[in-house]
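Asks: Take this structure, written in structure tokens, and hold onto it; I'll ask about it next.
In this note's numbering, the protein residues as written are 4 to 239.
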């Protein structure tokens with residue numbers, strides 16, 4: 004067999020654009036998600052070094068595992084844009100929240116893909132995520148706002164809040180728990196919890212835990228129709 008000249012061999016090597024490499028890596032991660040979800044009806048966050056959220060006190064709706072949602076290019080693009088590559092450690096997380104800098108926070112790529120699929124599935128079944136939450140997950144809380152005498156502008160009180168573990172938590176390390184604190188009344192975006200919110204957090208989790216609180220600005224809220232804060236708990 005005749006030897007291949009080096010110049011001839013190099014002519015076959017074409018540069019690959021960086022954007023193509025990013026897309027290829029994203030698809031590899033999607034293939035991993037597909038592989039895992041095909042073996043289990045629920046993606047286990049611990050498979051990716053993520054925290055499995057504690058059991059939520061509020062009931063949800065069991066998803067129909069036969070309602071398959073294919074991963075689309077749009078989902079990949081959104082997950083690539085919104086996800087972060089590594090978990091954020093608790094000390095760094097506290098610094099970011101205290102500095103009011105939410106930009107570096109997000110879900111892992113597999114968790115973001117799973118969230119995108121969940122949104123499509125809930126929109127198919129209920130019309131919107133807000134309808135799903137209002138009529139099922141938060142039905143009891145919403146019912147309390149429809150009773151005679153309820154005033155949405157009255158001062159906040161501890162009983163206005165209900166906690167639910169985030170089913171699609173941010174990518175955090177150090178066994179940090181990510182909870183959603185739903186409220187009957189409107190919470191202002193920001194990082195300073197009102198006194199009744201502090202009292203509710205301490206009543207729910209005790210006074211020995213470390214925690215951080217924020218309400219996303221409206222443009223970052225996934226369900227702006229329903230008032231909620233994010234609460235992060237680090238147990239000592």
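From the three backbone atoms N, C-alpha and C, an ideal C-beta is built for every residue, glycine too. This one's a predicted model, so the numbers in the text were calculated from it and none came from an experiment.
Whose C-alpha, out of 97, 132 and 139, is nearest the C-alpha of residue 224?
Replies: As a position in the chain shown, residue 224 is number 221, starting the count at 1. Checking every option, the nearest Cα to that of residue 224 belongs to 132.
Asks: Pull up the distance between the alpha-carbon of residue 189 and that of residue 230, whole angstroms please.
Replies: Against the chain shown, residue 189 aligns to sequence position 186. Against the chain shown, residue 230 aligns to sequence position 227. The alpha-carbon atoms of residue 189 and residue 230 are separated by roughly 5 Å.
Asks: Counting along the chain, where does the beta strand (DSSP E) carrying residue 180 start and finish?
Replies: Your numbering for residue 180 matches position 177 in the chain shown. 180-186 is the span of the beta strand (DSSP E), which, as asked, contains residue 180.
Asks: Could you check which residue in 102, 127, 172 and 82 has the C-alpha nearest to that of residue 183?
Replies: Taking the first residue of the chain shown as 1, we reach residue 183 at position 180. Out of 102, 127, 172 and 82, 172 has the C-alpha closest to the C-alpha of residue 183.
Asks: Run the CB neighbour count on residue 181, radius 10 Å, all protein chains shown included, and call it buried at 16 or more, exposed below.
Replies: Here residue 181 refers to the residue found at position 178 when the chain shown is read from its first residue. By the neighbour-count rule (16 or more Cβ atoms within 10 Å), residue 181 is buried.
Asks: Could you pull out every residue in the same chain whose Cβ sits closer than 6 Å to the Cβ of residue 163, ignoring the five residues on either side in sequence?
Replies: Walking along the chain shown from the start, residue 163 turns up at place 160. The answer, listed in chain order, is 186, 187 and 188.
Asks: Mind checking which residues open and close the alpha helix (DSSP H) that includes residue 82?
Replies: For the purposes of this step, residue 82 is taken as the residue at position 79 of the chain shown. Counting along the chain, the alpha helix (DSSP H) containing residue 82 begins and ends at 76-85.
Asks: To the nearest angstrom, how far is it from the Cα of residue 84 to the Cα of residue 212?
Replies: For this step, residue 84 is matched to residue 81 along the chain shown. For this step, residue 212 is matched to residue 209 along the chain shown. Taking the straight line joining both Cα atoms gives about 32 Å.
Asks: What separation, rounded to the nearest whole angstrom, lies between the Cα atoms of residue 75 and residue 222?
Replies: Along the chain shown, read from residue 1 onward, the residue named residue 75 stands at position 72. Along the chain shown, read from residue 1 onward, the residue named residue 222 stands at position 219. Those two C-alpha atoms are separated by around 24 Å.
Asks: Starting from residue 97, trace the alpha helix (DSSP H) both ways and give me its first and last residue.
Replies: Within the chain shown, numbered from 1, the residue matching residue 97 stands at position 94. Its alpha helix (DSSP H) spans residues 93-101.
Asks: Does the segment 154-169 come close enough to the segment 111-129 that 3 or more CB-CB pairs lie under 8 Å?
Replies: Segments in contact, no.
Asks: Beta-carbon within less than 7 Å of residue 169's beta-carbon, same chain only, minus the 5 sequence neighbours each way: which residues are those?
Replies: Residue numbering aside, residue 169 sits at position 166 when the chain shown is read from its first letter. Within the same chain, residue 169 has close Cβ partners 56, 181, 182 and 183.
Asks: Does the beta-carbon distance from residue 92 to residue 177 come in below 8 Å?
Replies: One-based indexing of the chain shown puts residue 92 at position 89. One-based indexing of the chain shown puts residue 177 at position 174. The answer is yes: Cβ separation under 8 Å.
Asks: Is DSSP giving residue 175 helix, strand or coil here?
Replies: For the purposes of this step, residue 175 is taken as residue 172 along the chain shown, with counting starting at 1. Strand at residue 175.
Asks: Provide the residue span of the alpha helix (DSSP H) that contains residue 121, from first to last.
Replies: One-based indexing of the chain shown puts residue 121 at position 118. Taken as a continuous stretch (DSSP letters only), the alpha helix (DSSP H) holding residue 121 covers 112-129.
Asks: CA-CA distance, residue 239 and residue 113?
Replies: In the chain shown, counting from the first residue as 1, residue 239 sits at position 236. In the chain shown, counting from the first residue as 1, residue 113 sits at position 110. Distance between the alpha carbons of residue 239 and residue 113: 28 Å.
Asks: Between the Cα of residue 167 and the Cα atoms of 204, 106, 78 and 88, which residue gives the shortest distance?
Replies: Stepping through the chain shown from its first residue, residue 167 is reached at position 164. Checking every option, the nearest Cα to that of residue 167 belongs to 204.
Asks: Return helix, strand or coil for residue 166, following the three-state DSSP convention.
Replies: Within the chain shown, numbered from 1, the residue matching residue 166 stands at position 163. The answer is strand: DSSP assigns residue 166 an E or B state.
Asks: From residue 216 to residue 77, what distance separates their C-alpha atoms?
Replies: Stepping through the chain shown from its first residue, residue 216 is reached at position 213. Stepping through the chain shown from its first residue, residue 77 is reached at position 74. Residue 216 and residue 77: Cα-Cα distance of roughly 31 Å.
Asks: Who are the near neighbours of residue 145 in its chain, counting only those whose CB is closer than 7 Å to its CB and skipping five residues on each side?
Replies: Indexing the chain shown from 1 puts residue 145 at position 142. Around residue 145: 137.
Asks: Classify residue 174: buried if its beta carbon has 16 or more other beta carbons within 10 angstroms, exposed otherwise.
Replies: Along the chain shown, read from residue 1 onward, the residue named residue 174 stands at position 171. Its Cβ being crowded by 16 or more others within 10 Å, residue 174 is buried.
Asks: Name the two residues that bound the continuous alpha helix (DSSP H) containing residue 208.
Replies: Reading the chain shown from its first residue, position 205 is the one you call residue 208. Segment 198-208, the alpha helix (DSSP H) holding residue 208.
Asks: Only counting the same chain, and skipping five residues up and downstream in sequence, which positions put a Cβ closer than 8 Å to that of residue 129?
Replies: Counted from its first residue, the chain shown places residue 129 at position 126. Same-chain partners within the cutoff: 135, 138 and 139.
Asks: According to the Cβ coordinates, are residue 197 and residue 220 closer than 8 Å?
Replies: By one-based count along the chain shown, residue 197 stands at place 194. By one-based count along the chain shown, residue 220 stands at place 217. Against a cut-off of 8 Å, the Cβ pair of residue 220 and residue 197 comes out as no contact.
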